[in-house]
């Protein structure tokens, strides 16, 4: 293992109260200050060790997996292992043995007091969320994370907190952590209401994950934390001085972020003060994970963590900020593209909204969550009235005093609404709009992302105001099929 000499770890994970407003101009300034020329040169000489800003097209699953594995090299100070096991649900024993996976992430240089976390705001949080909040409130140092899929340990019939703690204790024992179970942060995802198979995890799966621990790649974690995800999600960025930022995430349904609505883990070997990392990550989360929706349902189990091992000096805070934006935005787009049954991804660019960025994002999510809009997009049907109707509904409910007289709409770059009237010019335009949707279509059963195209929707209110981008998915028969038979 790559043990560094007497270097203090810095760990920061943004709590939900830290996710505040961060102006678009400030974000853009940070992005611009990062040297684009240097980044381009590094990409070209880095042998593909970073994911691209826009992922390339892939023709096979193996091609996609190979790409992620190469780009998933872990930052210094991190090691992780994954393993599989089985369990029989107490609540549904007739289903027989079911698969479960565990992931252990180890901070190899010892525990750190500098950490924070983002947890779901759902009022029925999972037991791991309660454990994590307690760790955070009491200021426990952290040296490991343990994540399981299949069972979310939310409001179970047994003692879910004790179950989560027993899995943490198994991690602490297996890694010989001096601080014990209190230095392990648990996360769980999967079926709500089932008891966590703590015995199987603690005695079988976690020990095997620790045996498999390695310092090479984060790809195994991206794969192991999946539930109904059709493929793993990983993004990475290397700064000009060699500092790495690597993130993995899972999430395919119950995606309606209020920070957070997913499991996400971002690792870096940069040296950065906790408060600065918190500010950077909160800005990145607002711009990414708080700006997506698949089905409008917020999960009970979600956690986002950013960890800095502090093993490399940071030459530019702006460059790190830009890297966090890139990784978080990439992962958030991957979540929507990999949504349960997703056939299209909508990208809604809102300009000059007469309110805050928070409210602009709310309006964007209102649009992409409209069942009528979702179904029209799914069928490549340019039923543009549904888009205008959803916008008008939101503005009428929440901003009835604001004028929409100057609002214009575009679909696929073509103006479809302006000065209070639709601009639709016959069959040629109809076919152009439908073809734009068809060109962005994905296979609902695809086990890798073939392309990175969007159904592009533009909303400009005129004048001055907030600018945001929101991503959403369509609604297909496959989404219904997946969620009608989720537990099996």
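Residue numbers (my numbering): 63 to 550. Just so you know, even glycine gets a beta-carbon here, dropped at the ideal spot from N, CA and C.
_Looking only at its chain, what residues have a beta carbon closer than 6 Å to the beta carbon of residue 79, apart from the 5 residues adjacent to it on each side?_
Along the chain shown, read from residue 1 onward, the residue named residue 79 stands at position 17. Any reading at residue 79 must be qualified, since the residue scores a pLDDT of 32, below 50, and its modelled position is unreliable; the value itself is stated next. So no residue of the chain qualifies.
*CA-CA distance, residue 287 and residue 312?*
Indexing the chain shown from 1 puts residue 287 at position 225. Indexing the chain shown from 1 puts residue 312 at position 250. Here the C-alpha atom of residue 287 lies approximately 6 Å from the C-alpha atom of residue 312.
*With DSSP as the reference, please indicate the residues paired to residue 306 in a beta bridge.*
Translated into positions along the chain shown, residue 306 becomes position 244. For residue 306, DSSP records a beta bridge to 300.
*Express the C-alpha separation of residue 421 and residue 368 in angstroms, rounding to a whole number.*
Within the chain shown, numbered from 1, the residue matching residue 368 stands at position 306. Within the chain shown, numbered from 1, the residue matching residue 421 stands at position 359. Roughly 26 Å between the two C-alpha positions.
*Reduced DSSP secondary structure (H/G/I, E/B, other) of residue 288*: Taking the first residue of the chain shown as position 1, residue 288 is located at position 226. Coil at residue 288, not helix or strand.
_Close beta carbons around residue 412, own chain, < 6 Å, minus the five adjacent residues each side_ = Reading the chain shown from its first residue, position 350 is the one you call residue 412. Closer than 6 Å at the Cβ level, and outside the excluded window around residue 412, lie 422, 426, 521, 530.
*May I ask you to report which of helix, strand or coil DSSP gives residue 515?*
Residue numbering aside, residue 515 sits at position 453 when the chain shown is read from its first letter. Of the three classes helix, strand and coil, the one that applies to residue 515 here is coil, per DSSP.
*Round the Cβ separation of residue 374 and residue 138 to the nearest angstrom and send it over; I've been treating them as touching at under 8 Å.*
Residue numbering aside, residue 374 sits at position 312 when the chain shown is read from its first letter. Residue numbering aside, residue 138 sits at position 76 when the chain shown is read from its first letter. About 6 Å separates the CB atoms of residue 374 and residue 138; that is less than 8 Å, so the two are in contact.
*Give, in chain order, every unbroken run of the alpha helix (DSSP H) that is at least 4 residues long and sits entirely within the stretch 174 to 201.*
You should have 189 to 200.
*Check whether the Cβ atoms of residue 354 and residue 532 sit closer than 9 Å, and answer yes or no.*
Here residue 354 is taken as the residue at index 292 of the chain shown, counted from 1. Here residue 532 is taken as the residue at index 470 of the chain shown, counted from 1. Between residue 354 and residue 532, the CB-CB gap stays under 9 Å.
*Among the residues of its own chain, which have a CB less than 6 Å from the CB of residue 496, if the five just before and after it don't count?*
To locate residue 496, count along the chain shown from 1; it is residue 434. Only residues of its own chain outside the window of five on either side were considered, and among them 442, 444 have a CB closer than 6 Å to the CB of residue 496, listed in chain order.
_On a Cα-Cα basis, can you pick out the residue from 487, 190, 199, 242 that is closest to residue 221?_
If you number the chain shown from 1, residue 221 lands on position 159. It is 190 whose Cα lies nearest to the Cα of residue 221.
*At least three beta-carbon pairs within less than 8 Å, the stretch 289 to 304 to the stretch 377 to 395*: Touching, yes.
_If you reduce the DSSP assignment to three classes, tell me which class residue 428 lands in._
Numbered from its first residue, the chain shown carries residue 428 at position 366. In the displayed model, residue 428 falls within a helix according to three-state DSSP.
*asked:* When you compare the CB positions of residue 534 and residue 429, do they come within less than 9 Å of one another, or not?
replied: Here residue 534 is taken as the residue at index 472 of the chain shown, counted from 1. Here residue 429 is taken as the residue at index 367 of the chain shown, counted from 1. Yes, Cβ-Cβ distance for residue 534 and residue 429 is below 9 Å.
*For the beta strand (DSSP E) holding residue 480, just list the boundary residues, first then last.*
Walking along the chain shown from the start, residue 480 turns up at place 418. From DSSP, the beta strand (DSSP E) with residue 480 extends over 476 to 480.
_Residue ranges of each alpha helix (DSSP H) within the stretch 408 to 474, 4 or longer_ = Assignment of alpha helix (DSSP H) within the stretch 408 to 474, counting only whole runs of 4 or more residues, yields 419 to 430, 433 to 440, 446 to 460 in chain order.
*Near residue 342, which residues of its chain fall below 7 Å by C-beta distance, leaving aside the five closest residues on each side in sequence?*
Locating residue 342 in the chain shown gives position 280, counting from the first residue. The residues are 382, 383, 386.
*What are the boundary residues of the beta strand (DSSP E) that includes residue 161?*
For this step, residue 161 is matched to residue 99 along the chain shown. 160 to 169 is the span of the beta strand (DSSP E), which, as asked, contains residue 161.
*Close-in-space but distant-in-sequence residues of the same chain around residue 414 (CB under 8 Å, 5 per side omitted)*: Within the chain shown, the letter at position 352 stands for residue 414. Within the same chain, residue 414 has close Cβ partners 522, 523, 524, 525, 526, 527, 528, 529.
_Top-ranked residue by Cα proximity to residue 143, from 282, 460, 335_ = Stepping through the chain shown from its first residue, residue 143 is reached at position 81. Residue 282 is the option with its Cα nearest to residue 143.
*Within 10 angstroms of its Cβ, does residue 115 collect 16 or more other Cβ (buried), or is it exposed?*
Along the chain shown, one-based indexing puts residue 115 at 53. With fewer than 16 other beta carbons inside 10 angstroms of its own, residue 115 counts as exposed.
*Buried versus exposed, by CB contacts within 10 Å (16 or more), residue 87*: The sequence position of residue 87 within the chain shown is 25, counting from 1. Below a pLDDT of 50, predicted positions are generally treated as unreliable, and residue 87, at 42, falls in that range; no measurement from the model is reported.
*Where do the N-terminal and C-terminal ends of the alpha helix (DSSP H) with residue 342 fall, by residue?*
In the chain shown, the residue the question calls residue 342 occupies position 280. For residue 342, the enclosing alpha helix (DSSP H) starts and ends at 336 to 349.
*Give the secondary structure of residue 268 by DSSP, where H, G and I count as helix, E and B as strand, and everything else as coil.*
If you number the chain shown from 1, residue 268 lands on position 206. The three-state reading of DSSP puts residue 268 in helix, counting H, G and I together.
*Pick from 345, 150, 478, 285 that is closest to residue 261, judged by C-alpha positions*: In the chain shown, residue 261 corresponds to position 199, counting from 1. Relative to residue 261, the option among 345, 150, 478, 285 whose CA is nearest is 150.
_In the DSSP output, what is residue 327 paired with across the bridge?_
Start at 1 with the first residue of the chain shown, and residue 327 comes out as number 265. By DSSP's assignment, residue 327 forms a beta bridge with 310, 367.
_Using a 10 Å radius around the Cβ and a threshold of 16 neighbouring Cβ atoms, would you call residue 194 buried or exposed?_
Locating residue 194 in the chain shown gives position 132, where the first residue counts as 1. Burial is judged here by how many other beta carbons sit within 10 angstroms of a residue's own beta carbon; residue 194 has at least 16 and is buried.
*Between residue 390 and residue 154, what straight-line distance do the alpha-carbon atoms span, to the nearest angstrom?*
In the chain shown, the residue the question calls residue 390 occupies position 328. In the chain shown, the residue the question calls residue 154 occupies position 92. Residue 390 and residue 154 have their C-alpha atoms roughly 37 Å apart.
*To the nearest angstrom, how far is it from the Cα of residue 515 to the Cα of residue 225?*
Translated into the one-based positions of the chain shown, residue 515 becomes position 453. Translated into the one-based positions of the chain shown, residue 225 becomes position 163. Pairing residue 515 with residue 225, the inter-Cα distance amounts to about 43 Å.
_Helix, strand or coil, according to DSSP, for residue 520 in the structure here?_
In the chain shown, counting from the first residue as 1, residue 520 sits at position 458. Strand at residue 520.
_Touch test, the stretch 433 to 442 against the stretch 477 to 494, Cβ-Cβ under 8 Å, three pairs minimum_ = No: fewer than three Cβ pairs fall under 8 Å.
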